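Presented below is the structure to which this report refers.
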Amino acid sequence: MAEYKLISADSHIVEPPDMYTGRIEPRFRDRAPKMERRKTPSGREYDAWVLDGMQVGTLGAVMQAGQRFEDPSQIDFLGVWEDVRKGGYDPHAMIKENEEDGVWGSCLQPSQGLFWYRIPDSELLTEICRVYNDWIADFCKPYPERLKGIGMLNVDDVNVGRQELERCKKLGLVGAFIPVSPLPDKPYSHPIYDRLWWTAQDLGLPLLLHIATPRNGVPGNNRLDPALAAADGLHLSRAAGFHQRLEVARRPAAERLLEAQHVRRVHGRRARRANARQDRRRDDAVG
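Residue numbers (my numbering): 1328 to 1614.
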């Protein structure tokens, strides 16, 4: 009888307090995201991520996995580092906890890190992505067959994003996130991304979109609308016509709504792919 291994395709690590301050380039050290212990008006302590002096996220927000099934009334967005399960930031503990649940391996993605896509400073975002990619690669090293890391890309400058994707491959990562919506004047249907699509296809690395990761940071843009628009733009654009082996993955929350769009999208995709095949040439993308 065949032996099957259970793999979690949607596991999140929890970024440790010193992830960025200990690895970021010296010129960004004063601006590195850091975790601070704070208090509510009632005196309750909690840990928060701080960037440029502003609170940009609470640790408790990424500590609620499974709580809605166990006891939704206990969901709490405040928390302290001491309460984080060790498996969220230690690979040996993660493997042990996985085995307790009958899980053989995990595909790993960021938690707080996904919210950095809202940072206006493009160079700082690029450096934050680099730091995370190095950290998650180191996290997976003790168990390369059982822990697979997903990287992060800043695609404001497509060539910078493409080069970081190549580095992700060398680090042993198995895919990379791109923001669910890029800069407003650079939609994913734009031909400037062709170099990135070709690189992802040639490297065999899927690109992932996650809800609540808009690049432009417009209030209200954390809803599913950008995920739908970005996925439509990719499926109906040159990416679908020129890059037949390119994989784009949508994270779960958006997938249910995207299925409802499947029928209307298929017709447009077929028509555009047919048109793209008429004049498809590789040097259109890399020349």
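Where is the CB? At the ideal position from N, CA and C, for every residue including glycine.
Quick caveat, the model's predicted, so the values are computed rather than measured.
Short check: CB of residue i to CB of residue j, under 8 angstroms?
{"i": "VAL1389", "j": "GLN1439", "result": "yes"}
{"i": "ARG1445", "j": "PRO1541", "result": "yes"}
{"i": "GLY1488", "j": "LEU1523", "result": "yes"}
{"i": "PRO1418", "j": "LEU1474", "result": "yes"}
{"i": "ILE1519", "j": "LYS1513", "result": "yes"}
{"i": "CYS1467", "j": "GLY1499", "result": "yes"}
Quick one: what's got a C-beta closer than 6 angstroms to residue i's C-beta in the same chain, skipping five residues either side?
{"i": "HIS1339", "result": "GLN1436, SER1438"}
{"i": "GLN1382", "result": "ALA1375"}
{"i": "GLU1491", "result": "LEU1480"}
{"i": "GLU1586", "result": "The pLDDT assigned to GLU1586 is 38, lower than 50, so where the model puts this residue is not dependable; a value taken from the coordinates is nonetheless given after this. Answer for GLU1586: no residue qualifies."}
{"i": "PRO1360", "result": "TYR1347, TRP1376, LEU1378"}
{"i": "SER1335", "result": "VAL1430, SER1433"}
{"i": "PRO1469", "result": "PRO1418"}
With a 10 Å radius around its C-beta and 16 neighbouring C-beta atoms as the bar for buried, classify residue i as buried or exposed.
{"i": "ARG1583", "result": "Below a pLDDT of 50, predicted positions are generally treated as unreliable, and ARG1583, at 37, falls in that range; no measurement from the model is reported."}
{"i": "TYR1459", "result": "buried"}
{"i": "ASN1486", "result": "exposed"}
{"i": "PHE1396", "result": "exposed"}
{"i": "TYR1347", "result": "buried"}
{"i": "GLU1342", "result": "buried"}
{"i": "LEU1510", "result": "exposed"}
{"i": "ALA1503", "result": "buried"}
{"i": "LYS1496", "result": "buried"}
{"i": "ASP1465", "result": "exposed"}
{"i": "GLY1414", "result": "buried"}
{"i": "ASP1357", "result": "exposed"}
{"i": "ASP1521", "result": "buried"}
Across which residues does DSSP place residue i in a beta bridge pair?
{"i": "VAL1377", "result": "LYS1361, GLN1382"}
{"i": "LEU1435", "result": "SER1338, GLY1476"}
{"i": "PRO1506", "result": "Paired residues: none, contrary to the question."}
{"i": "GLU1372", "result": "LYS1366"}
{"i": "PRO1541", "result": "SER1508"}
Could you tell me which of the options sits nearest to residue i, measuring between CA atoms?
{"i": "THR1385", "options": "VAL1411, ASP1398, PRO1399", "result": "VAL1411"}
{"i": "ARG1371", "options": "CYS1495, GLU1424, PHE1404", "result": "PHE1404"}
{"i": "ILE1422", "options": "LEU1536, PRO1471, LEU1532, ASP1379", "result": "PRO1471"}
{"i": "GLY1531", "options": "GLU1427, GLY1476, VAL1501, GLU1352", "result": "VAL1501"}
{"i": "ASP1448", "options": "VAL1482, GLY1432, ARG1494, GLY1349", "result": "VAL1482"}
{"i": "LEU1441", "options": "ASP1337, ALA1336, ILE1538", "result": "ILE1538"}
{"i": "TYR1416", "options": "GLY1476, THR1367, PRO1368", "result": "GLY1476"}
{"i": "CYS1434", "options": "TRP1443, ILE1463, ARG1350, GLU1427", "result": "ILE1463"}
{"i": "GLU1363", "options": "ASP1398, PRO1469, GLY1380", "result": "GLY1380"}
{"i": "ASN1425", "options": "ASP1337, GLN1528, GLU1330", "result": "ASP1337"}
Which residues in the same chain as residue i place their Cβ atom closer than 7 angstroms to its Cβ, once the five residues preceding and following it in sequence are excluded?
{"i": "GLY1429", "result": "LEU1333"}
{"i": "GLY1387", "result": "TYR1373, ASP1403, PHE1404, LEU1405, GLY1406"}
{"i": "ASP1345", "result": "none"}
{"i": "PHE1355", "result": "LEU1451, GLU1454"}
{"i": "GLY1547", "result": "In this prediction, GLY1547 has a pLDDT of 41, which is less than 50 and means its spatial position is unreliable; what the coordinates show is noted afterwards. Result list for GLY1547: empty, nothing under 7 angstroms."}
{"i": "SER1369", "result": "none"}
Using a beta-carbon distance below 8 angstroms, is residue i in contact with chain B?
{"i": "ILE1505", "result": "Among the chains in the structure shown there is no chain B, since it carries only a single protein chain."}
If you drop the 5 nearest sequence neighbours on each side, which residues of the same chain put their C-beta closer than 8 angstroms to that of residue i?
{"i": "GLU1493", "result": "THR1526, LEU1530"}
{"i": "ASP1461", "result": "ARG1350, LEU1498"}
{"i": "THR1367", "result": "TYR1373, LEU1405"}
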